[in-house]
Amino acid sequence: MSQDLMDFLDPNGSDCTLVLFYTPWCRFSASLAPHFNALPRAFPALHFLALDASQHSSLSTRFGTVAVPNILLFQGAKPMARFNHTDRTLETLKIFIFNQTGIEAKKNVVVTQADQVGPLPSTTTKNVDWLLVFSLFFLTSFIMYATIRTENIRRLIPGQEQEHAE
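Under UniProt numbering, the final residue of the sequence shown carries the number 166; numbering is consecutive throughout.
Structure, rendered in structure tokens:
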């Protein structure tokens with residue numbers, strides 16, 4: 001997919017593309033989704049792309065995504081600006097795009113019910129993170145093992161037992 005992104009961005013082109021790095025389980029990504037879904041109607045001359053950062057970690061790393069959602073504006077294949085506002089609404093996104101490109105948004109574009117549905121989902125998915133489950137199991141097992149081993153070692157070393165005052 002990373003090669004597909006680079007083909008989509010066209011290194012020799014000058015078209016602007018807004019790329020959203022998101023994850024389906026992130027509530028902040030889900031709350032941004034309807035606003036991002038409305039952007040193509042507001043800016044028909046721009047291209048829009050949303051990438052699941054958990055599925056495309058090499059791209060996320062390459063473009064400095066350490067948290068999601070992360071929005072980057074590209075010109076051709078070169079990242080030009082990063083959206084750094086905590087208020088992620090259609091209006092703040094319109095202002096960001098205008099400030100970076102000079103392209104004005106179409107009038108009267110608002111978030112609709114259809115934008116709530118997709119193409120980017122506005123609800124989070126609930127999946128079991130098996131890596132987290134395994135990590136917790138490993139840590140619990142290691143702590144239990146270390147505790148048992150420490151008690152056995154204390155019994156073997158002379159002078160490690162504490163005297164009780166009576």
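By construction, the Cβ of each residue, glycine as well, lies at the ideal position given by its N, Cα and C atoms.
Open item on the list: Starting from Asp52, trace the beta strand (DSSP E) in both directions and tell me its first and last residue.
Closed with: Asp52 -> beta strand (DSSP E) spans 47-52.
Open item on the list: My assumption, with CB atoms under 8 Å, is that Ala146 sits in contact with Ala105. Please give the rounded CB distance.
Closed with: With 8 Å as the limit, Ala146 and Ala105 do not qualify as a contact, their Cβ atoms being about 59 Å apart.
Task: Nearest-angstrom Cβ-Cβ length linking Pro69 and Cys16, presumed shorter than 8 Å - done: The Cβ separation is near 19 Å, so there is no contact.
TODO: Excluding the 5 residues preceding and the 5 following Pro34 in the sequence, name in chain order all residues of the same chain whose CB lies nearer than 7 Å to its CB.
DONE: Val111, Asp115, Gln116, Ser122
TODO: Taking 9 Å as the cut-off, decide whether the C-beta atoms of Phe28 and Leu39 are in contact.
DONE: no
Task: Burial state of Ala45 (16 or more Cβ within 10 Å) - done: exposed
Task: Those residues which DSSP pairs with Cys16 across a bridge - done: Gln75
TODO: Would you mind sorting Ile148 into buried or exposed? The rule is 16 or more other CB atoms within 10 Å of its CB.
DONE: exposed
Open item on the list: Looking at the secondary structure, which residues open and close the alpha helix (DSSP H) in which Glu91 lies?
Closed with: 90-101
TODO: Could you pull the start and end residues of the alpha helix (DSSP H) that Asp115 belongs to?
DONE: 113-117
TODO: Along the alpha helix (DSSP H) that carries Leu39, what are the first and last residues, could you check?
DONE: 27-42
Open item on the list: Using the Cβ count rule (16 or more neighbours within 10 Å means buried), how would you classify Asp129?
Closed with: exposed
TODO: Could you check how far apart the C-beta atoms of residue 171 and Leu73 are, in whole angstroms? I think they sit under 8 Å.
DONE: The displayed coordinates of the chain run from 1 to 166. Any statement about residue 171 would go beyond what the structure contains.
Task: Under the three-state DSSP convention, the category Ala105 falls into - done: If DSSP states are grouped into helix, strand and coil, Ala105 belongs with coil.
TODO: Evaluate Phe36 with the Cβ neighbour count: other Cβ atoms within 10 Å of its Cβ, from every protein chain shown; 16 or more gives buried, anything less gives exposed.
DONE: buried
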